[in-house]
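This report refers to the structure that appears directly beneath it.
Protein chains: 2
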Amino acid sequence: MKKEARAEILTIGTELLMGQTIDTNSVYIGEALAAAGIEVNWKSTVGDNETRIREALRTALARSEIVIATGGLGPTEDDLTCRAIAAELRRTLHLDQTVLDSIRRRFAKRALVMPRNNERQAMIPEGATVLPNPHGTAPGLAIRLGDEKMVMVMPGVPSEMRAMLKEQVIPRLREAFDVKLRIRSRTLKACGITESALDEMIGDLIRHSRNPMIGLLAYPGEIHIRLTVKTESETEGDRLLDDLEARIRERLGELFFGRDAERLEEVVGRLLLETKQTVAVAESCTGGLLCHRLTNLPGSSAYFIRGEVVYSNYAKERLLGVPRELIEAHGAVSRPVALAMAAGMRRTAETDLALGITGIAGPGGGAATKPVGLTYIAIASHDSVTCREYRFPGDRETNKLLASQEALDVLRRYLLSHRHAGPA
Amino acid sequence: MKKEARAEILTIGTELLMGQTIDTNSVYIGEALAAAGIEVNWKSTVGDNETRIREALRTALARSEIVIATGGLGPTEDDLTCRAIAAELRRTLHLDQTVLDSIRRRFAKRALVMPRNNERQAMIPEGATVLPNPHGTAPGLAIRLGDEKMVMVMPGVPSEMRAMLKEQVIPRLREAFDVKLRIRSRTLKACGITESALDEMIGDLIRHSRNPMIGLLAYPGEIHIRLTVKTESETEGDRLLDDLEARIRERLGELFFGRDAERLEEVVGRLLLETKQTVAVAESCTGGLLCHRLTNLPGSSAYFIRGEVVYSNYAKERLLGVPRELIEAHGAVSRPVALAMAAGMRRTAETDLALGITGIAGPGGGAATKPVGLTYIAIASHDSVTCREYRFPGDRETNKLLASQEALDVLRRYLLSHRHAGPA
Numbered sequence: 001m002k003k004e005a006r007a008e009i010l011t012i013g014t015e016l017l018m019g020q021t022i023d024t025n026s027v028y029i030g031e032a033l034a035a036a037g038i039e040v041n042w043k044s045t046v047g048d049n050e051t052r053i054r055e056a057l058r059t060a061l062a063r064s065e066i067v068i069a070t071g072g073l074g075p076t077e078d079d080l081t082c083r084a085i086a087a088e089l090r091r092t093l094h095l096d097q098t099v100l101d102s103i104r105r106r107f108a109k110r111a112l113v114m115p116r117n118n119e120r121q122a123m124i125p126e127g128a129t130v131l132p133n134p135h136g137t138a139p140g141l142a143i144r145l146g147d148e149k150m151v152m153v154m155p156g157v158p159s160e161m162r163a164m165l166k167e168q169v170i171p172r173l174r175e176a177f178d179v180k181l182r183i184r185s186r187t188l189k190a191c192g193i194t195e196s197a198l199d200e201m202i203g204d205l206i207r208h209s210r211n212p213m214i215g216l217l218a219y220p221g222e223i224h225i226r227l228t229v230k231t232e233s234e235t236e237g238d239r240l241l242d243d244l245e246a247r248i249r250e251r252l253g254e255l256f257f258g259r260d261a262e263r264l265e266e267v268v269g270r271l272l273l274e275t276k277q278t279v280a281v282a283e284s285c286t287g288g289l290l291c292h293r294l295t296n297l298p299g300s301s302a303y304f305i306r307g308e309v310v311y312s313n314y315a316k317e318r319l320l321g322v323p324r325e326l327i328e329a330h331g332a333v334s335r336p337v338a339l340a341m342a343a344g345m346r347r348t349a350e351t352d353l354a355l356g357i358t359g360i361a362g363p364g365g366g367a368a369t370k371p372v373g374l375t376y377i378a379i380a381s382h383d384s385v386t387c388r389e390y391r392f393p394g395d396r397e398t399n400k401l402l403a404s405q406e407a408l409d410v411l412r413r414y415l416l417s418h419r420h421a422g423p424a
Numbered sequence: 425m426k427k428e429a430r431a432e433i434l435t436i437g438t439e440l441l442m443g444q445t446i447d448t449n450s451v452y453i454g455e456a457l458a459a460a461g462i463e464v465n466w467k468s469t470v471g472d473n474e475t476r477i478r479e480a481l482r483t484a485l486a487r488s489e490i491v492i493a494t495g496g497l498g499p500t501e502d503d504l505t506c507r508a509i510a511a512e513l514r515r516t517l518h519l520d521q522t523v524l525d526s527i528r529r530r531f532a533k534r535a536l537v538m539p540r541n542n543e544r545q546a547m548i549p550e551g552a553t554v555l556p557n558p559h560g561t562a563p564g565l566a567i568r569l570g571d572e573k574m575v576m577v578m579p580g581v582p583s584e585m586r587a588m589l590k591e592q593v594i595p596r597l598r599e600a601f602d603v604k605l606r607i608r609s610r611t612l613k614a615c616g617i618t619e620s621a622l623d624e625m626i627g628d629l630i631r632h633s634r635n636p637m638i639g640l641l642a643y644p645g646e647i648h649i650r651l652t653v654k655t656e657s658e659t660e661g662d663r664l665l666d667d668l669e670a671r672i673r674e675r676l677g678e679l680f681f682g683r684d685a686e687r688l689e690e691v692v693g694r695l696l697l698e699t700k701q702t703v704a705v706a707e708s709c710t711g712g713l714l715c716h717r718l719t720n721l722p723g724s725s726a727y728f729i730r731g732e733v734v735y736s737n738y739a740k741e742r743l744l745g746v747p748r749e750l751i752e753a754h755g756a757v758s759r760p761v762a763l764a765m766a767a768g769m770r771r772t773a774e775t776d777l778a779l780g781i782t783g784i785a786g787p788g789g790g791a792a793t794k795p796v797g798l799t800y801i802a803i804a805s806h807d808s809v810t811c812r813e814y815r816f817p818g819d820r821e822t823n824k825l826l827a828s829q830e831a832l833d834v835l836r837r838y839l840l841s842h843r844h845a846g847p848a
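Protein chains in written order, with the numbering used here: chain L, 1 to 424; chain W, 425 to 848.
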C-alpha cells in the first residue's frame, strides 16, 4: 500500500482530560513522525471509556490513513483500549501464547508470580501483528486495514512507547506508506537579548524564508530560533539548514551560543575544558543554582573546583575576605561587594576564574534604591575583575534562574574573547 | 438553557502537532473545568488550517454541548480560528469598533502605532459576545447555538487564556448549564518509599474507594496519591476528602510529607522556622542542588546559613577539616567522610544542623565496589552525627535530584523527631 499518508495521534486516558497529567507522549510522537516525513494532522484524546474510544477511532479512520494510539493497555479493568479497538474493527480477541509466555518470563525474572490480571495483556485482536515490548508487559499492535490504512497501538508508559515508536512503528509506517518528504528541524539558541531585539535583527529572514521556515520561542534568559525544512532528500534538507544557520549566526555573532539540545552550561563547560581553565563560584542570591548547573555535566570536576553559597555578611567576610567596611559602606548587594566576592573566591580557591553574584531574589528584601531583582555579577581572572548590574523582573525562582543564566553567559563571553590567550 | 453539559477542548496550532510545543493550555483548562464540575470528554488538536478547524468544530459540536477553543487568534495570516469558526457556524464577520479601540489603546499606551494586521483581531462573528482580554490584543468570544450548545474561543497565550477562563468563561458556563457535580482533587505526597511498597500499604483503599477515587503517580524520589471526589456540595466533597486523607495518613505515618503544591523543601523550611534551627550544607555529588532547593523559598535566609560545594579532596580537608588520612583510608565517597563533612560543616558554619553528602553521580567515577549512584548522606546535630547509604539507579541528573530529595527527607525526619526538643 504505497500512498501518501497522514497521521492522527489518539491518546487514551481519563487523567489526560482532567488536568492531572501532561500529555508528553503525543508531543514526542508528533516530533518523531514529522522527522520521519509523516505529517500529523490531528490529535485527539479520550478517557478510559469504551464507547468513546470506539467513537474516536471511527472519527480518526474516517479522516486519516494512519492512527497511532497510546495508553490504556495496562492489566487493570480501566484499560480498555485493546477491547475497544477490537470491537470497533470487528475483530475477535484471542489469547496469544507467545505474548503470555513473555509476560510470564518478565515476572519470573524478578522472582514474582504473574498476577492473573496480566493475562488480559495477552489478548490480541485477530489479524494484528504483535509489537514486542522489551521494557514492559503490554505489547504493541500493528493492524492493517486493507491496503489503505493502518492502526498502531502502543503502551502509554513513555519509555516503553518511545522505544517501540522508534524501533518498530516508524520503520513499519515508512515501509507501508509512500513517504516522500522529510521534515527536519534545527534550533539555534541565543542569550543576552530580548525577543523583540532579536526580531529586529533577523525579522526579514523570519518573514521571507519559506523553506526552511523560522519560528522564535522565548524562554527565561534565552531565545530559540527554530528552523524547519521539508525536502525529499536529507542531504538537501541539511544543506538548506546549514545555509540559513550560517546567515543567522553571522548576524547574531556572540549572541548565538548553541544548537538543539545543547545547554548554556554545556557550552561553558566545553570552553573551560578546551582552554584548560578552572572556575570557582561565590553565589548569594542564586543560592547554589549556578554550582548546580555547572556540575550537571559529566566530567565537570575537571574545571569546577569549588562553590560557596554565602547568605550571611559574616560568611562573605570570613570565607571570601570581603572587607566589612565595604559591606557597611555599599550594602551587601552592590558592585564593590560582587567584585570583592569574585576576587576573594579566586584567591582562596586558587582557580583561573571566579564568579561572584550578589542580588535580591525577592520577594522580600527590596527597597526603593535597591529593588527586588537588582543583581551584580562579577568575574575575576588573572588580570581583571569586572562587574555588571542587572535588574530582573521575575519572582524569586525566575530571578535565580535569570541570574544563573547571565552568570553563565558572562563566563561564556569571557572564555570566547580569551580563547586564544590560554590560561593565566 | 439548563441541561447537563459535557465539554470538548479544541486546541489550534500547527506547532502543537509537530512536537514543538507542549500543550499545557488544555491541561489547565481540563483541571479548571473539572474543578467547576464540567466534565471534559474529548480533547482535540488541529493545525492552522481552515478546513480542518471547521471539521474539528463540526465533530466537536456533534458530540459535546460545550466547545472550548484556544489558539489561532493572533494578528497574522496563520491565525485562522475566528474566520473558520464564523464560516462553520454561518455567521458573517463584522468589525467591532469597541474591540478595535481597545486594541489601539493598548498600542498607544506603549507609544506604538497599531500595525494594520491587528485590525483582523477586531473582526467578530455576528451574534458573538466579546470577552475582553485585559492582558493582550486578541479578544475572546462566547457564541450560543440555540438553547443547547455554546462555543467559547480564547487566545492561546497561556496568561491571557488563564485569566479569561477563570474570570469569564467558567462563570458563563456555570450560569448557562445545569452544573450539579463539583469535582475536587487533593494530592497527598509521600517520600522515602517505592510505588509498589506504597501500593502494599494502601492498595485496598485504592481498589475499594470509589468516591473519592485514588490514583498513584510516581516522580523521582516521591509519590503522589491523588484523591478525586465528585459531589453536589463542596462541603460534602471536602468532608469525604478529609476522611480519606486521615485514613491514608494514619497508615503512612512519617512517609507523608505534604499536600497539593507543597514541595519537600517547603515542608523542611517550615519545620526549620518552627523549631528556630539553622542549617548548613556541605555537598559534593549534588553539586549545589541541595542549597538551590533550600534557598528557593522566600525567607530561607532565616535558616539557611551557608553551603559549600566541595568537589576536591583538598577543599574537603581545608574547608571542613576532614582528615586526609580518613579520605586516604576510606575514599572520598565513604561513610566516614560523609560523617566528617557534616560534623566539619556544622562546626565551621556554627549552625544547629549540617548535612554532608558525598557520592558518585556518574556516569564516570564508578567502580565494582563503589558503583555509580552510591551516595552517603550524613546529618550532624548538637548531640549526634548519623549517616545513611543509598544506591541511586539513575543518570547523573536523576542521581543528583534523588540525592537532594533524600537529603531533604533526612532533614525533615530529624526535625519531626526532634520537634519538641527545640534547638540545641
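Virtual Cβ for every residue (Gly too), placed ideally from N, Cα, C.
Note that the structure is a prediction, hence the values are computed from the model and not measured.
Contact defined as beta carbons within less than 8 Å: I believe residue i pairs with residue j. What is the distance between those atoms, to the nearest angstrom?
i                        : j                        : result
histidine 716 of chain W : leucine 289 of chain L   : 4 Å
leucine 353 of chain L   : serine 381 of chain L    : 5 Å
leucine 605 of chain W   : lysine 654 of chain W    : 5 Å
leucine 721 of chain W   : glutamate 689 of chain W : 6 Å
glycine 215 of chain L   : arginine 226 of chain L  : 5 Å
threonine 505 of chain W : glutamate 550 of chain W : Between glutamate 550 of chain W and threonine 505 of chain W the Cβ distance is about 16 Å, and since that is not below 8 Å, they are no contact.
If you compare alpha carbons, which of the options is closest to residue i?
i                        : options                                   : result
glutamate 813 of chain W : W/Thr500, W/Tyr452, W/Ile781 and W/Ala791 : W/Ile781
glutamate 234 of chain L : L/Ile183, L/Gln168, L/Glu222 and L/Pro75  : L/Ile183
alanine 69 of chain L    : L/Ala349, L/Thr278 and L/Ile53            : L/Ile53
leucine 629 of chain W   : W/Ile436, W/Arg675, W/Gly786 and W/Phe601 : W/Arg675
glycine 74 of chain L    : L/Val281, L/Met123 and L/Gly394           : L/Met123
histidine 135 of chain L : L/Arg110, L/Ala163 and L/Val113           : L/Ala163
Could you check if residue i is buried or exposed, using at least 16 other CB atoms within 10 Å of its CB as the buried criterion?
i                         : result
valine 337 of chain L     : buried
tyrosine 303 of chain L   : buried
glycine 422 of chain L    : Confidence at glycine 422 of chain L is low in this model, with a pLDDT of 49, below 50, so its placement is unreliable and no value can be given for it.
leucine 10 of chain L     : buried
aspartate 79 of chain L   : buried
aspartate 409 of chain W  : Outside the shown range of chain W (425 to 848) lies residue 409 of chain W, about which nothing can therefore be said.
asparagine 635 of chain W : exposed
lysine 824 of chain W     : buried
asparagine 465 of chain W : buried
For residue i, I'd like the list of residues in its chain whose CB is within less than 6 Å of its CB, leaving aside the five on either flank, ordered along the chain.
i                         : result
valine 268 of chain L     : Leu408, Leu411 and Arg412
methionine 474 of chain L : With chain L covering 1 to 424 only, the question about residue 474 of chain L has no answer from this structure.
alanine 424 of chain L    : The predicted position of alanine 424 of chain L is uncertain, since its pLDDT is 46 and thus under 50; a value taken from the coordinates is nonetheless stated next. Within the same chain, alanine 424 of chain L has close Cβ partners Asp352 and His382.
alanine 108 of chain L    : none
isoleucine 305 of chain L : Thr278, Ala280, Ala349 and Thr351
Near residue i, what residues of its chain come up, given a Cβ to Cβ distance below 7 Å and the 5 sequence neighbours on each side ignored?
i                         : result
glycine 616 of chain W    : Leu679 and Asp833
alanine 32 of chain L     : Leu165, Lys166 and Ile170
methionine 585 of chain W : Asn449, Thr494, Met578 and Pro579
threonine 386 of chain L  : Ala378 and Ile379
aspartate 242 of chain L  : none
valine 581 of chain W     : Gly560
Is residue i near the ligand ATP, in the sense that its beta carbon is under 7 Å from a heavy atom of that ligand?
i                     : result
lysine 316 of chain L : With respect to small molecules bound, the structure shown includes none, and the ligand ATP cannot be examined in it.
Spatial neighbours of residue i within its chain, please: C-beta separation below 8 Å, excluding the five flanking residues on both sides.
i                      : result
leucine 485 of chain W : Val491, Leu569, Lys573 and Val575
alanine 35 of chain L  : Arg182, Ile183, Arg184 and Ser185
alanine 368 of chain L : none
leucine 441 of chain W : Thr469, Val470 and Gly471
proline 787 of chain W : Val796, Asp819 and Arg820
If contact means a Cβ-Cβ distance below 9 Å, which residues of the stretch 434–454 of chain W contact chain L?
-> Thr435, Glu439, Leu440, Leu441, Met442, Gly443, Gln444, Thr445, Ile446, Asp447, Thr448, Ser450, Val451, Tyr452, Ile453 and Gly454
Chain W contacts made by the stretch 61–92 of chain L, where a contact means CB separation under 9 Å = Within the stretch 61–92 of chain L, contact with chain W at the beta-carbon level (separation under 9 Å) is assigned to Arg63.
Between the stretch 731–761 of chain W and chain L, which residues of the former have a C-beta closer than 7 Å to a C-beta of the latter?
-> Gly731, Glu732, Val733, Val734, Tyr735, Ser736 and Ala739
Chain W contacts from the stretch 31–52 of chain L (Cβ-Cβ distance under 9 Å) = Glu31, Ala32, Leu33, Ala34, Ala35, Glu39, Val40, Asn41, Trp42, Lys43, Ser44, Thr45, Val46, Gly47, Asn49 and Arg52
May I ask you to list, following chain order, the residues of the stretch 818–833 of chain W that have a beta carbon less than 8 Å from some beta carbon of chain L?
-> Arg820, Glu821 and Lys824
Taking any Cβ of chain W, which residues in the stretch 333–365 of chain L have a Cβ under 7 Å from it, in chain order?
-> Pro363 and Gly364
Of the residues that make up the stretch 293–304 of chain L, which ones have a beta carbon closer than 7 Å to any beta carbon in chain W?
-> Those would be Thr295, Asn296, Pro298, Gly299, Ser301 and Phe304, in chain order.
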